[in-house]
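Peer 1: Supplied in structure tokens, the structure appears directly below.
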Amino acid sequence: MYKELILKNGLTLVYEKLPFVRSVSFGLWIGTGSRYETYEDNGISHFIEHMLFKGTKTKTARDIAMIIDSVGGQMNAFTGKECTCIYTKTLDEDLKTAVELISDMIFHSTFDPVHIETERRIIAEEISMYEDYPEELVHDMLSEEVWNGNPLGYPILGSYASISSITREKIIDYMNTFYVPDNSVISVAGNFDENCLVELVQQYFGEWKAKNYCVINAHKPLFNRSMKVKRKETEQVHMCIGFPGIRHGEESLYSLLTLNNILGGGMSSRLFQKVREELGLAYSIYSYPTSYKDTGLFAIYAASGPGSFMDVIRHIGDELALLIIDSLTETDIEKAKNQLKGNFIISLDSTSGRMNSMGKSQLMLGRVRTPEEVLDSINKVNRDSITEVIEKVFRPGLVGLSAIGDIDFEPDLLDKIDF
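Here this note's numbering is used: the first residue of the sequence shown is 544, the next is one more, and so on.
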């Protein structure tokens, strides 16, 4: 059972004690990401995530790495479109080491100009590497197209131009705006003494004061029917097809997750069995939903040879048409629900999995959805709720497509998958 504590400064602590393990996962979640950036400073959230590891007033970058390595722990961070997280996983006896280190990185990073220039070059190389992976890039292209200029479509890494304009002053201003207690959550799962944990968080984060009250203005994007193709010499054509999804917190999200498992959420899914196993037209094909605070995206990815590209498009359209005419059986639905429940329960075996689930839920929804609530929501999924989701996601005129490959793309390609 998780517990919640709000410190006097507005920082929220959520935690769950698991006495049967020896590890503890500690994560600091900040409610910012590429969605809250401007076009000019796109990539600054990710840039800051990198810079937090480059040294504090008392620790070098090597010191930061050695502190966690020396106790056999793990430390990392990630930036998303709506959140940034810095986290550790250590033995229970080393929790104080982890808390002190993350606190020092947040409050005492120096943002040395020399390190900023070094990191700028590293991130530029990261962007270049990303450009060389069409199987990754094509997802960003889809997001950029369907959100049509809204910051939700901005790439997390930024662009060469935008990262070149990021300065130390911009970094500090951005942190003063978003890295504040009322926009942050600490999530902890594992073996720890509850009183000790609260004392540690109070000691290292209790004096955290906001220079500004964080006001986040994010305009809900409208889904844009659009297609973007990039001609490139590749062995395969990589493509993503996108539809409107469902936002965080909506009960119907569990119906969409169930539908996703049926359509393209695993090796037994319809798309995988039809397009890959039966027809041999693609090596990789899958679907996935992405949820944000006020909207969502449902996407299908496939990679095929240039000669099979149009056949793959056609068969994806056929499978979607079958869903729309209500081809689901009770067996399909129960299997997909069991798959969803099994995946969720297995994720709870990990302290890092529980920490992630609690932290993201608290940050996105303002509360933690308990495992019992999640399983109850999955159990409530039925044919009617899935039919409602199908009608909400697959609407006439609302489809986007991105593709990369050595092929001539037909201008009416969207019409072949629109309904």
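The beta carbon of each residue, even a glycine, is placed where N, CA and C say it ideally should be.
Using the beta-carbon count (16 or more within 10 Å), is Leu-822 buried or exposed?
Peer 2: Here residue 822 refers to the residue found at position 279 when the sequence shown is read from its first residue. Around the Cβ of Leu-822, a 10 Å sphere holds fewer than 16 other Cβ atoms; the residue is exposed.
Peer 1: Just to confirm the assignment, what range does the alpha helix (DSSP H) spanning Arg-663 have?
Peer 2: For the purposes of this step, residue 663 is taken as the residue at position 120 of the sequence shown. First-last of the alpha helix (DSSP H) with Arg-663: 656-674.
Peer 1: Any contact between the region 831-845 and the region 669-677? By contact I mean 3 or more CB pairs, one from each, below 8 Å.
Peer 2: no
Peer 1: How would you label Gln-779, buried or exposed, when you count the other beta carbons within 10 angstroms and need 16 or more for buried?
Peer 2: Walking along the sequence shown from the start, residue 779 turns up at place 236. Buried, since its Cβ has 16 or more Cβ neighbours within 10 Å.
Peer 1: Considering only residues of the same chain and omitting the five flanking positions on each side of Ala-641, which have a CB-CB separation below 6 Å?
Peer 2: Position 98 of the sequence shown, counted from the start, is the residue given in the question as residue 641. For Ala-641, the CB contacts under 6 Å within the same chain, skipping 5 residues up- and downstream, are Phe-569, Thr-631 and Thr-633 in chain order.
Peer 1: Taking Cβ to Cβ, would you say Gly-902 is nearer than 7 Å to Trp-572?
Peer 2: The residue given as residue 902 occupies position 359 in the sequence shown. The residue given as residue 572 occupies position 29 in the sequence shown. Yes, the pair counts as a contact, with Cβ atoms nearer than the cut-off.
Peer 1: Throw me the rounded Cβ distance for the Gly-943 and Val-689 pair, which I believe falls under 8 Å.
Peer 2: Residue numbering aside, residue 943 sits at position 400 when the sequence shown is read from its first letter. Residue numbering aside, residue 689 sits at position 146 when the sequence shown is read from its first letter. So it is a contact: roughly 4 Å between Cβ atoms.
Peer 1: Tell me which residue opens and which closes the beta strand (DSSP E) that Leu-685 is part of.
Peer 2: To locate residue 685, count along the sequence shown from 1; it is residue 142. Looking at the DSSP string, Leu-685 is not in any beta strand (DSSP E); the run it does join, the alpha helix (DSSP H), is 677-689.
Peer 1: With DSSP as the reference, label Leu-865 as helix, strand or coil.
Peer 2: For this step, residue 865 is matched to residue 322 along the sequence shown. Three-state DSSP puts Leu-865 in a helix.
Peer 1: If distances are taken between C-alpha atoms only, which option among Gly-885, Gly-807, Thr-777 and Ala-946 comes closest to Val-681?
Peer 2: Your numbering for residue 681 matches position 138 in the sequence shown. Of Gly-885, Gly-807, Thr-777 and Ala-946, the residue nearest in Cα terms is Ala-946.
Peer 1: Excluding five sequence neighbours on each side, which residues of the same chain lie with their C-beta closer than 8 Å to the C-beta of Ser-904?
Peer 2: Locating residue 904 in the sequence shown gives position 361, counting from the first residue. For Ser-904, where only same-chain residues beyond five positions count, the Cβ hits under 8 Å are Arg-910, Val-911 and Arg-912.
Peer 1: Is it true that the CB of Leu-906 sits closer than 7 Å to the CB of Gly-574?
Peer 2: Taking the first residue of the sequence shown as position 1, residue 574 is located at position 31. Taking the first residue of the sequence shown as position 1, residue 906 is located at position 363. Gly-574 places its beta carbon less than 7 Å from that of Leu-906.
Peer 1: Looking only at its chain, what residues have a beta carbon closer than 6 Å to the beta carbon of Cys-783, apart from the 5 residues adjacent to it on each side?
Peer 2: As a position in the sequence shown, residue 783 is number 240, starting the count at 1. These residues qualify, in order along the chain: Val-681, His-682, Leu-685, Ala-842, Tyr-844 and Ser-945.
Peer 1: Using CA atoms only, rank isn't needed, just tell me which of Glu-625, Pro-694, Lys-817 and Ile-876 is closest to Asp-927.
Peer 2: The residue given as residue 927 occupies position 384 in the sequence shown. Answer by Cα proximity: Ile-876.
Peer 1: Can you find the residues in the same chain that come closer than 8 Å, C-beta to C-beta, to Leu-908, ignoring five residues on each side of it along the sequence?
Peer 2: Along the sequence shown, one-based indexing puts residue 908 at 365. Result list for Leu-908: His-791 and Gly-792, in chain order.
Peer 1: When the distance is taken between beta carbons, is Arg-578 closer than 7 Å to Ala-761?
Peer 2: Taking the first residue of the sequence shown as 1, we reach residue 761 at position 218. Taking the first residue of the sequence shown as 1, we reach residue 578 at position 35. Yes. Within cutoff.
Peer 1: Is Ile-828 closer than 7 Å to Arg-819 when the C-beta atoms are compared?
Peer 2: Reading the sequence shown from its first residue, position 276 is the one you call residue 819. Reading the sequence shown from its first residue, position 285 is the one you call residue 828. Yes. Within cutoff.
Peer 1: Judging by CA-CA distance, which residue of Ser-566, Asn-619 and Glu-625 is the nearest neighbour of Lys-836?
Peer 2: Position 293 of the sequence shown, counting from 1, holds the residue named residue 836. Nearest option by C-alpha distance: Glu-625.
Peer 1: Leaving aside the five residues before and after His-552 along the sequence, list all residues of the same chain whose C-beta is less than 6 Å from its C-beta, in chain order.
Peer 2: Looking up residue 552 in the sequence shown gives position 9. Correcting the residue identity first, residue 552 is Asn in this sequence and not His. Once the five neighbours on either side are set aside, the close Cβ partners of Asn-552 are Pro-724 and Trp-751.
Peer 1: Just to confirm the assignment: which complete alpha helix (DSSP H) runs, minimum length 4, are found wholly within the region 867-941?
Peer 2: 873-890, 894-908, 914-922 and 926-936
Peer 1: Would the beta-carbon of Val-744 fall within 7 Å of that of Leu-556?
Peer 2: Along the sequence shown, one-based indexing puts residue 744 at 201. Along the sequence shown, one-based indexing puts residue 556 at 13. Yes.
Peer 1: Evaluate contact between the region 697-707 and the region 659-671, counting only Cβ atoms and requiring at least three cross-stretch pairs below 8 Å.
Peer 2: A contact between stretches requires three or more CB pairs, one per stretch, nearer than 8 Å, and the region 697-707 meets this requirement with the region 659-671.
Peer 1: What residue range does the alpha helix (DSSP H) around Glu-737 cover?
Peer 2: The residue labelled residue 737 in the question sits at position 194 within the sequence shown. Element bounds for Glu-737: 737-748.
Peer 1: Please state the DSSP three-state secondary structure of Phe-621.
Peer 2: What you label residue 621 is simply residue 78 of the sequence shown in a count that begins at 1. Strand.
Peer 1: Let me make sure I understand the geometry here. Which of Ile-856, Ile-933 and Ile-867 has the alpha-carbon closest to that of Leu-957?
Peer 2: Within the sequence shown, the letter at position 414 stands for residue 957. The residue with the shortest Cα to Cα distance from Leu-957 is Ile-856.
Peer 1: Using the DSSP secondary-structure output, state which residues sit across from Cys-628 in a beta bridge.
Peer 2: Position 85 of the sequence shown, counting from 1, holds the residue named residue 628. Cys-628 is bridged to Trp-572 and Phe-621.
Peer 1: Could you tell me the distance, in whole angstroms, from the CA atom of Gly-785 to the CA atom of Asp-919?
Peer 2: Here residue 785 is taken as the residue at index 242 of the sequence shown, counted from 1. Here residue 919 is taken as the residue at index 376 of the sequence shown, counted from 1. Cα to Cα, the separation comes out at about 29 Å.
Peer 1: Using 10 angstroms around the beta-carbon of His-651, count the other beta-carbons present and answer buried if the total reaches 16, otherwise exposed.
Peer 2: Mapped onto the sequence shown, residue 651 falls at position 108. Answer is exposed; the Cβ neighbour count stays below 16.
Peer 1: Which residues in the same chain as Ser-769 place their Cβ atom closer than 6 Å to its Cβ, once the five residues preceding and following it in sequence are excluded?
Peer 2: Within the sequence shown, residue 769 is the residue found at index 226, counting from 1. Cβ neighbours of Ser-769 beyond the five flanking positions: Glu-688 and Gly-943.
Peer 1: Return helix, strand or coil for Pro-764, following the three-state DSSP convention.
Peer 2: Translated into the one-based positions of the sequence shown, residue 764 becomes position 221. Pro-764 falls in the coil class under three-state DSSP.
Peer 1: For Val-657 and Ile-591, I'd like the C-alpha separation in whole angstroms.
Peer 2: As a first step, residue 657 must be located in the sequence shown, where it is residue number 114. As a first step, residue 591 must be located in the sequence shown, where it is residue number 48. Taking the straight line joining both Cα atoms gives about 14 Å.
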